[in-house]
Amino acid sequence: MDFQLKTLDLSGAAAERCDALLVLVTEGQRGGDDALSRLVADAIRARSFEAKPGKTLHAWRPEGVAAARVVLAGCGDGSPRRVHSAVHAAVASLRTAGVRRMAVVLPTGADGRSVRAAVAAAAEASYVYITTKSKPEGCEIERFTVGCPDAAAAQADFEAARGAAVGIEFARELGNLPPNRATPTHLAEEAMRLGKGRGFRCEVLGPREVAKARMGSFMAVAQGSEEPLRFIVLQYQGAAAAEAPVVLVGKGITFDTGGISIKPAPEMDEMKFDMGGAASVLGTFRALAELRPRINVVGLVPACENMPGGRAFKPGDVITSMSGQTIEVLNTDAEGRLILCDALTYAERFKPRAIIDIATLTGACVIALGNIRSGLFATDEALAQALQDAGELALDPCWRMPLDDEYGEGLKTHFADVANVAGRAGGSITAAKFLQRFAGKQPWAHLDIAGTAWKGGAAKGSTGRPVGLLVQYLLSQAQAASIESARPARSSVAKAARAARPAKAKEGTSAKAPAPRARAAKAGAAKARGR
Numbered sequence: 067m068d069f070q071l072k073t074l075d076l077s078g079a080a081a082e083r084c085d086a087l088l089v090l091v092t093e094g095q096r097g098g099d100d101a102l103s104r105l106v107a108d109a110i111r112a113r114s115f116e117a118k119p120g121k122t123l124h125a126w127r128p129e130g131v132a133a134a135r136v137v138l139a140g141c142g143d144g145s146p147r148r149v150h151s152a153v154h155a156a157v158a159s160l161r162t163a164g165v166r167r168m169a170v171v172l173p174t175g176a177d178g179r180s181v182r183a184a185v186a187a188a189a190e191a192s193y194v195y196i197t198t199k200s201k202p203e204g205c206e207i208e209r210f211t212v213g214c215p216d217a218a219a220a221q222a223d224f225e226a227a228r229g230a231a232v233g234i235e236f237a238r239e240l241g242n243l244p245p246n247r248a249t250p251t252h253l254a255e256e257a258m259r260l261g262k263g264r265g266f267r268c269e270v271l272g273p274r275e276v277a278k279a280r281m282g283s284f285m286a287v288a289q290g291s292e293e294p295l296r297f298i299v300l301q302y303q304g305a306a307a308a309e310a311p312v313v314l315v316g317k318g319i320t321f322d323t324g325g326i327s328i329k330p331a332p333e334m335d336e337m338k339f340d341m342g343g344a345a346s347v348l349g350t351f352r353a354l355a356e357l358r359p360r361i362n363v364v365g366l367v368p369a370c371e372n373m374p375g376g377r378a379f380k381p382g383d384v385i386t387s388m389s390g391q392t393i394e395v396l397n398t399d400a401e402g403r404l405i406l407c408d409a410l411t412y413a414e415r416f417k418p419r420a421i422i423d424i425a426t427l428t429g430a431c432v433i434a435l436g437n438i439r440s441g442l443f444a445t446d447e448a449l450a451q452a453l454q455d456a457g458e459l460a461l462d463p464c465w466r467m468p469l470d471d472e473y474g475e476g477l478k479t480h481f482a483d484v485a486n487v488a489g490r491a492g493g494s495i496t497a498a499k500f501l502q503r504f505a506g507k508q509p510w511a512h513l514d515i516a517g518t519a520w521k522g523g524a525a526k527g528s529t530g531r532p533v534g535l536l537v538q539y540l541l542s543q544a545q546a547a548s549i550e551s552a553r554p555a556r557s558s559v560a561k562a563a564r565a566a567r568p569a570k571a572k573e574g575t576s577a578k579a580p581a582p583r584a585r586a587a588k589a590g591a592a593k594a595r596g597r
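Oh and the sequence shown: position 72 is 138 in the numbering used here, straight run, nothing missing.
Structure, rendered in structure tokens:
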């Protein structure tokens with residue numbers, strides 16, 4: 067879909083030529099003398115429409131309006147979340163109604179966050195999976211115009227949302243592919259294409275290279291499948307090579323039967339979504355290709371299947387991780403942490419500023435948080451706050467969970483350094499405590515997306531989360547680094563300039579002839595400007 071941004075109010079929107087015009091109406095909104103304002107006022111006066119969230123009214127070719135269809139949609143207080151809901155509902159209802167050009171006019175006072183919400187909602191609602199259908203019927207909307215009070219002020223938010231939307235769609239498409247298509251080899255091929263087409267460095271390690279690296283935990287999970295494992299390494303360099311990167315680690319279990327600790331049959335098909343973490347890392351890199359922020363990012367994806375078979379690892383096995391720590395396998399269905407732990411150890415070679423792993427890790431997190439917020443675990447306060455802020459801004463929220471040392475007591479075992487599971491209580495936390503052992507000393511965060519990476523039931527499908535959160539986090543970090551790097555340069559120039567000012571004339575000294583020390587300071591200021 068082609069997104070556009072315009073400065074539009076209700077009077078200007080009436081002349082906007084499109085197949086469908088969506089007008090968002092807030093509670094208490096004041097009307098004007100233009101055609102759309104009169105339409106809104108008449109509909110409210112006749113009690114045919116309310117500005118409450120979820121209320122809509124469709125009009126066909128109203129007088130004085132260029133659009134063929136007009137949809138009035140209530141958005142309550144006009145908050146970004148209400149804007150998202152209203153736009154999502156309207157786009158979903160019109161995506162197969164012969165509408166090719168659609169526009170939305172945001173309420174008076176809408177800012178960049180509302181623009182972000184509108185773009186995200188339109189992209190989400192217009193997505194239709196068609197890849198493996200014999201007679202595909204996709205979305206017919208080709209162009210979506212966002213009208214807001216000040217397009218110039220919202221341009222940066224618009225570009226961020228548009229770039230994130232591309233990455234989210236990429237992740238959704240990968241997640242929705244059937245497991246006989248989305249194999250570890252396929253993920254590696256997609257990463258290679260992404261790297262080649264977008265200028266990223268991409269390396270794919272196969273079984274031989276992984277064995278040489280001594281990733282014993284990762285290999286143990288993969289050994290029961292006929293599909294060969296792949297370890298994907300993507301590198302985006304948007305800043306100076308010397309700057310430490312952010313490392314994103316995505317769980318890539320392309321299908322999870324549970325292994326020998328096999329899962330029950332109902333809804334096992336949804337275990338194709340167990341590579342949601344991997345899809346989110348690849349989707350984030352797709353967004354980076356659009357946005358090109360000044361930051362270095364590394365993506366690591368351990369990809370394999372977890373299958374039962376004669377060679378499958380089994381409960382009671384003791385395996386040796388890349389870090390040298392031994393792990394007693396008590397449950398082969400707790401396999402995600404076993405592939406992630408080796409990836410976390412591998413990540414240390416990049417000397418990262420932060421490591422973030424993303425995984426559909428535990429059903430316990432779904433019980434705790436449902437499908438609204440992803441679970442966030444972090445060893446660093448600044449990293450945790452930055453991720454939370456990014457999630458709120460991107461409408462892709464997470465919730466901070468504890469990492470008290472006492473939660474790790476249940477992972478103790480007589481037969482290895484650590485067990486791969488503890489008891490049922492606090493299952494998402496004990497899983498995070500297991501990963502923490504392998505995260506090193508740098509700031510580390512773990513996002514458990516088991517409840518947010520996909521939806522079940524009638525709306526079954528990948529959500530692409532948390533690509534929005536990750537993209538916004540990286541953009542914020544790049545912006546903060548840019549501001550920080552500029553600050554010392556300005557202060558040093560100002561300091562040198564102050565030192566270069568002529569001193570007050572003293573008795574017997576001419577103010578026109580600066581002292582040697584002042585001349586040196588002036589030269590220093592010139593040198594600073596040259597830098």
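By construction, the Cβ of each residue, glycine as well, lies at the ideal position given by its N, Cα and C atoms. Remember, predicted model here, so these are calculated numbers, not experimental data.
On the three-state DSSP scale, how would you describe His480?
-> coil
Asp143, DSSP secondary structure in three states | coil
At a cut of 8 Å, does the region 88 to 105 reach the region 114 to 130 through at least three beta carbon pairs?
-> yes
Are the CB atoms of Ser494 and Asp514 nearer to each other than 8 Å?
-> yes
Whole angstroms is fine: what's the gap from Lys338's alpha carbon to Gly318's?
-> 10 Å
What does a CB cutoff of less than 6 Å around Asp446 pick up in its chain, not counting 5 residues either side in sequence?
-> Pro509
Close beta carbons around Arg556, own chain, < 8 Å, minus the five adjacent residues each side | With a pLDDT of 49 at Arg556, under the threshold of 50, the modelled position of this residue cannot be trusted; read the value that follows with caution. Contacts found: none.
Contacting residues, own chain, Cβ-Cβ under 7 Å from Val533 (five flanking each side not counted) | Ala230, Gly233, Ile234, Ala237, Ser346, Gly349, Thr350 and Ala353
Starting from the C-beta of Val364, find all residues in its chain whose C-beta is less than 6 Å away, skip the five residues before and the five after it, and write them out in chain order.
-> Gln301, Pro311, Val313 and Phe416
Among the residues of its own chain, which have a CB less than 8 Å from the CB of Glu208, if the five just before and after it don't count?
-> Met67, Asp68, Arg166 and Arg167
Can you say whether Phe481 is buried or exposed, counting buried as having 16 or more other CB atoms within 10 angstroms of its CB?
-> Taking a 10 Å sphere around the C-beta of Phe481, we find fewer than 16 other C-beta atoms and assign the residue as exposed.
Have a look at Met602 and Val136 and give me their C-alpha separation to the nearest angstrom.
-> Since the first residue shown for the chain is 67 and the last is 597, residue 602 is missing from the structure and cannot be characterised.
In three-state terms, what does DSSP make of Asn362?
-> Secondary structure at Asn362: strand, using DSSP grouped into helix, strand and coil.
Do Ser291 and Cys407 have their C-beta atoms within less than 8 Å of each other?
-> Going by beta carbons, Ser291 and Cys407 fall outside the 8 Å limit.
Ser576 versus Ser551 - alpha carbon distance | Only weak support exists for where Ser576 lies, its pLDDT of 34 falling under 50; the value from the coordinates is given anyway. Taking the straight line joining both Cα atoms gives about 39 Å.
Closest residue to Gly441 among Glu401, Gly343 and Gln70 (Cα-Cα distance) | With distances taken between Cα atoms, Gly441 lies closest to Gly343.
Euclidean distance between Cα positions of Thr320 and Pro294 = Between Thr320 and Pro294, the C-alpha separation is close to 11 Å.
According to DSSP, is Phe321 helix, strand or coil?
-> Residue state, collapsed to three classes: strand.
Just curious, the alpha helix (DSSP H) that Val185 is in, first and last residue?
-> Gly178 to Ser192
Which residue or residues does DSSP assign as beta-bridge partners of Tyr302?
-> Val363
Go through its chain and collect everything with a Cβ distance to Glu573's Cβ below 7 Å, but skip five positions before and after it.
-> At Glu573, the pLDDT of 35 sits below 50, so the modelled position is not reliable and the matter cannot be decided from this model.
Might you give, ordered along the chain, the residues of its own chain that have their beta carbon closer than 6 Å to the beta carbon of His512, omitting 5 neighbours on each side?
-> Result list for His512: Asp423, Phe443, Ala498 and Leu501, in chain order.
Enumerate in chain order the residues of its own chain whose CB-to-CB distance from Cys214 is below 6 Å, with the five nearest sequence positions on each side excluded.
-> Leu172, Ala176, Val181 and Ala220
Proximity of Ala547 and Ile385 at Cβ, strictly below 8 Å = no
Please go through the same chain and pick out, in chain order, the residues whose beta-carbon is closer than 6 Å to the beta-carbon of Gly375, but skip the five residues on each side of it.
-> Gly290
Nearest-angstrom Cβ-Cβ length linking Gly379 and Gly324, presumed shorter than 8 Å | The displayed chain sequence assigns Phe, not Gly, to residue 379. Wrong, their Cβ atoms sit about 12 Å apart, outside the cutoff.
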